[in-house]
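Enquirer:
Chains as they are written, first to last, in the working numbering: chain A, 1 to 306; chain B, 1001 to 1287.
As structure tokens, then:
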């Protein structure tokens, strides 16, 4: 006892002498990170805000125009509204399958069955594959004449469209690729959520005579609503950041039907050298993401059980 | 009485058997659906141009050939692309591990003024969309002459990983402090404690972060796409996208390219997958 007290005192004393000397040494440890974050995140954020009030083509000096970029985007840029609408359409196609399919997978894999490890592996592969490889793979699969998808559809006498060059089908086709890629990731989130549900709830329900289906809908689903909420928010934010898949699969076409936010922003910044205009778009994007997240957080109170 | 019990047990067993069979069937169907695109990619990459356009399509190449792979490497300097990708990934991952572990150690174990505020500021950067920073970043890189070098892909990744810092800090909290206290009594300074005690104990978390940041770097398309336009600087991802832009579409070759970009990341994943799963469930965030 006395020994341990002496030890505690010794620790305290050493710590104290260290504190005098080393009160600021923590700064040395975090210095590289802080320098990086200031240089590569905070300064660009500030610069981006500054630029959004200017027009600039990277050649002639920037010219102050106030809120004109924003005003023009909102009031005169038809394509901007189309692209914003496309992005929401994209999200609309993604949300339901990305919330439900991984849930089914997780529910199936949560039980101790054989080969579980192998099944999980299968659903991870799409996740670790790059958007370039995935995009090319699916361009080929979706090919109207020689693609595997239309071949398989022909078995059941469906004459599949030329998916990626069809104004209506291009967007859902791209969205399904996103869903496919996210399966494994969302499944792991659900599996983690399922681990958190205590067994005694199921036992109690079974004793009260609840069958497997009603246990699933009355216990599992309500207790997984926080995970569903997280997946929902992340999926919607993800659609606002998609670039590579669109570039590889459709280049925004046909007739801009798959032109989504970041793709259009890139066209403005690096295709037309309108840096100020693109910066304004980036800020509108930041505000949109923030607003959507806030709305979702508000709505979450109605259906998420914490 | 006993007979009824036995009957009930067998019916339960039957139920379980049925449930397991249904589960397996569903999983096999879904698993095949998830893997079919990969099968199609690999199979096409070994086909001849002629066979790729055959109707009905062949599931297995009739005359498997490495022609597409040969053409891929002859047509474009894929050796250089691979080297560039490896170089960028190794440097970004290495730098990120050092920077984030140093910061995570300080945030978890040291005391300094403004610590919590600084940590929240660091965390908040995870919510900033890349689109907001990429244009000014491009302009800054342009000014300092870093466009068309690998530096814009390496240096920011090395220095600004809020995700890595968060992950490692969470992990540090699960480690015992006693060892570090003992080392302090023995006269070890903070850096020594970090280097000799914290770092070795953090190995599993470092592996997790390593896997994630390797994949993020290897699979990154937008960054290289924006900052590089000289061919000999291209990463594999840009290289494959370049093959796509050629005047005619050779599907075997494009699929061979997709196999080439996927293999390294697949190997890393298969070797270190247990760290990968833990990373997702630990933070709920993909790199």
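C-beta atoms are modelled at their ideal positions from N, C-alpha and C, and glycine is treated no differently.
If we ignore side chains and look at the alpha-carbon of each, how far apart do residue 1280(B) and residue 154(A) end up?
Expert: As a working mapping, residue 1280(B) is identified with position 280 in the second chain. As a working mapping, residue 154(A) is identified with position 154 in the first chain. Approximately 39 Å, taken between the alpha carbons.
Enquirer: From the DSSP secondary-structure annotation, give me the bridge partner or partners of residue 335(A).
Expert: Within the shown structure, residues of chain A are numbered from 1 to 306, placing residue 335(A) beyond reach of any answer.
Enquirer: List, in chain order, every chain B residue whose beta-carbon is nearer than 7 Å to that of residue 119(A).
Expert: Within the first chain, numbered from 1, the residue matching residue 119(A) stands at position 119. In chain order: 1027 and 1031.
Enquirer: As an exercise, report each continuous alpha helix (DSSP H) stretch of at least 4 residues that is fully enclosed by the stretch 1122–1149 of chain B, in chain order.
Expert: List check, alpha helix (DSSP H) in window: 1130–1143.
Enquirer: Helix or strand or just coil, what does DSSP make of residue 1063(B)?
Expert: Stepping through the second chain from its first residue, residue 1063(B) is reached at position 63. Of the three classes helix, strand and coil, the one that applies to residue 1063(B) here is coil, per DSSP.
Enquirer: Let me confirm a value: residue 1180(B) is counted as buried when at least 16 other C-beta atoms fall within 10 Å, else exposed. Which label applies?
Expert: Within the second chain, numbered from 1, the residue matching residue 1180(B) stands at position 180. Residue 1180(B) comes out buried.
Enquirer: Quick one: which chain B residues come within Cβ less than 9 Å of residue 314(A)?
Expert: This structure cannot settle anything about residue 314(A), because the visible part of chain A is limited to 1 through 306.
Enquirer: Nearest to residue 83(A) by alpha carbon, out of 301(A), 285(A), 198(A) and 125(A)?
Expert: Indexing the first chain from 1 puts residue 83(A) at position 83. Residue 83(A) has its Cα closest to that of 285(A), out of 301(A), 285(A), 198(A) and 125(A).
Enquirer: Looking at chain A, which residues of the stretch 1261–1274 of chain B have a Cβ within less than 9 Å of any of its Cβ atoms?
Expert: For the stretch 1261–1274 of chain B, which is checked against every Cβ of chain A, the residues closer than 9 Å are 1261, 1262, 1265, 1266, 1268, 1269, 1270 and 1273.
Enquirer: Could you tell me which of 270(A), 255(A), 205(A) and 223(A) sits nearest to residue 58(A), measuring between CA atoms?
Expert: Counted from its first residue, the first chain places residue 58(A) at position 58. Comparing Cα-Cα distances from residue 58(A) to each of 270(A), 255(A), 205(A) and 223(A), the minimum goes to 270(A).
Enquirer: Run through chain B and tell me which residues come within less than 7 Å of residue 132(A), C-beta to C-beta.
Expert: What you label residue 132(A) is simply residue 132 of the first chain in a count that begins at 1. Per Cβ cutoff of 7 Å: 1221, 1237, 1240, 1241 and 1261.
Enquirer: My assumption, with CB atoms under 8 Å, is that residue 91(A) sits in contact with residue 236(A). Please give the rounded CB distance.
Expert: Here residue 91(A) is taken as the residue at index 91 of the first chain, counted from 1. Here residue 236(A) is taken as the residue at index 236 of the first chain, counted from 1. With 8 Å as the limit, residue 91(A) and residue 236(A) qualify as a contact, their Cβ atoms being about 5 Å apart.
Enquirer: What is the residue span of the alpha helix (DSSP H) that residue 1208(B) lies within?
Expert: Here residue 1208(B) refers to the residue found at position 208 when the second chain is read from its first residue. First-last of the alpha helix (DSSP H) with residue 1208(B): 1203–1219.
Enquirer: Classify residue 1176(B) as buried or exposed, calling it buried when 16 or more other Cβ atoms lie within 10 Å of its own Cβ.
Expert: Counting from one through the second chain, the residue named residue 1176(B) turns up at place 176. By the 10 Å Cβ count, residue 1176(B) comes out exposed.
Enquirer: Who are the near neighbours of residue 1201(B) in its chain, counting only those whose CB is closer than 7 Å to its CB and skipping five residues on each side?
Expert: Numbered from 1 along the second chain, position 201 holds the residue referred to as residue 1201(B). These residues qualify, in order along the chain: 1175.
Enquirer: Short check: CB of residue 227(A) to CB of residue 197(A), under 8 Å?
Expert: For the purposes of this step, residue 227(A) is identified with residue 227 of the first chain, where counting begins at 1. For the purposes of this step, residue 197(A) is identified with residue 197 of the first chain, where counting begins at 1. Result no, Cβ atoms of residue 227(A) and residue 197(A) do not sit closer than 8 Å.
Enquirer: Just mark residue 1276(B) as buried or exposed, buried being the case when its beta carbon has 16 or more other beta carbons within 10 Å.
Expert: For the purposes of this step, residue 1276(B) is identified with residue 276 of the second chain, where counting begins at 1. Its Cβ being crowded by 16 or more others within 10 Å, residue 1276(B) is buried.
Enquirer: I'd like to know if the stretch 1069–1078 of chain B and the stretch 1122–1140 of chain B are in contact, where contact means that at least 3 CB-CB pairs between them fall below 8 Å.
Expert: Contact fails: fewer than three Cβ-Cβ distances are below 8 Å.
Enquirer: What residues in the stretch 244–263 of chain A have a beta carbon less than 7 Å from any beta carbon of chain B?
Expert: Taking 7 Å as the Cβ-Cβ cut-off against chain B, the residues of the stretch 244–263 of chain A that qualify are 244, 248 and 262.
Enquirer: Residues in its own chain within less than 7 Å of residue 1085(B) by CB, not counting five upstream and five downstream?
Expert: Working through the second chain from its first residue, we reach residue 1085(B) at position 85. 1218, 1235 and 1236, listed in sequence order.
Enquirer: If we ignore side chains and look at the alpha-carbon of each, how far apart do residue 1186(B) and residue 25(A) end up?
Expert: Start at 1 with the first residue of the second chain, and residue 1186(B) comes out as number 186. Start at 1 with the first residue of the first chain, and residue 25(A) comes out as number 25. The straight-line gap from Cα to Cα measures roughly 19 Å.
Enquirer: Rounded to whole angstroms, what's the CA-CA distance from residue 142(A) to residue 179(A)? Just pull it up for me.
Expert: Numbered from its first residue, the first chain carries residue 142(A) at position 142. Numbered from its first residue, the first chain carries residue 179(A) at position 179. So the alpha carbons of these two residues sit roughly 15 Å apart.
Enquirer: Grab the span of the alpha helix (DSSP H) containing residue 1105(B) for me, first residue to last.
Expert: For this step, residue 1105(B) is matched to residue 105 along the second chain. Residue 1105(B) -> alpha helix (DSSP H) spans 1078–1109.
Enquirer: Using the Cβ count rule (16 or more neighbours within 10 Å means buried), how would you classify residue 181(A)?
Expert: Locating residue 181(A) in the first chain gives position 181, counting from the first residue. Residue 181(A) is buried by the Cβ-count criterion.
Enquirer: Which value, in whole angstroms, describes the spacing of the CA atoms of residue 1166(B) and residue 1173(B)?
Expert: Taking the second chain and counting its residues from 1, one reaches residue 1166(B) at position 166. Taking the second chain and counting its residues from 1, one reaches residue 1173(B) at position 173. Taking the straight line from one Cα to the other gives about 11 Å.
Enquirer: Between residue 190(A) and chain B, is any beta-carbon pair separated by less than 8 Å?
Expert: Working through the first chain from its first residue, we reach residue 190(A) at position 190. Answer no: the Cβ-Cβ gap between residue 190(A) and chain B never drops below 8 Å.
Enquirer: Does DSSP classify residue 1028(B) as helix, strand or coil?
Expert: As a first step, residue 1028(B) must be located in the second chain, where it is residue number 28. Reduced to three states, the DSSP call for residue 1028(B) is helix.
Enquirer: Measuring only the C-alpha atoms, how far is residue 1119(B) from residue 232(A)?
Expert: Here the question's residue 1119(B) lines up with position 119 in the second chain. Here the question's residue 232(A) lines up with position 232 in the first chain. C-alpha separation (whole angstroms): 26 Å.
Enquirer: Please list, in chain order, all residues of the same chain as residue 1287(B) whose beta carbon is under 7 Å from its beta carbon, the five residues on each side excluded.
Expert: For this step, residue 1287(B) is matched to residue 287 along the second chain. With a pLDDT of only 36 at residue 1287(B), under 50, the local geometry of the prediction cannot be trusted, and the value read off the model is given with reservation. Closer than 7 Å at Cβ, skipping near neighbours: 1163, 1212, 1213, 1215 and 1216.
Enquirer: Could you have a look at residue 1046(B) and say whether DSSP puts it in helix, strand or coil?
Expert: Within the second chain, the letter at position 46 stands for residue 1046(B). The answer is coil: DSSP assigns residue 1046(B) none of H, G, I, E or B.
Enquirer: Assign residue 1203(B) to buried or exposed, taking buried as 16 or more other Cβ atoms, counted over all protein chains shown, within 10 Å of its Cβ.
Expert: Stepping through the second chain from its first residue, residue 1203(B) is reached at position 203. Exposed.
Enquirer: According to DSSP, is residue 145(A) part of a helix, a strand, or is it coil?
Expert: By 1-based counting over the first chain, the position of residue 145(A) is 145. Looking at residue 145(A) - three-state DSSP - the assignment turns out to be coil, as it is neither helix nor strand.
Enquirer: Taking 8 Å as the CB-CB limit, is residue 122(A) close to chain B?
Expert: If you number the first chain from 1, residue 122(A) lands on position 122. True, the Cβ-Cβ gap to chain B drops below 8 Å.
Enquirer: Along the alpha helix (DSSP H) that carries residue 83(A), what are the first and last residues, could you check?
Expert: Locating residue 83(A) in the first chain gives position 83, counting from the first residue. 78–109 is the span of the alpha helix (DSSP H), which, as asked, contains residue 83(A).
Enquirer: Answer yes or no: do residue 1251(B) and residue 1036(B) have a C-beta to C-beta separation smaller than 8 Å?
Expert: On the second chain, position 251 is the one that residue 1251(B) refers to. On the second chain, position 36 is the one that residue 1036(B) refers to. No, the pair does not count as a contact, with Cβ atoms beyond the cut-off.
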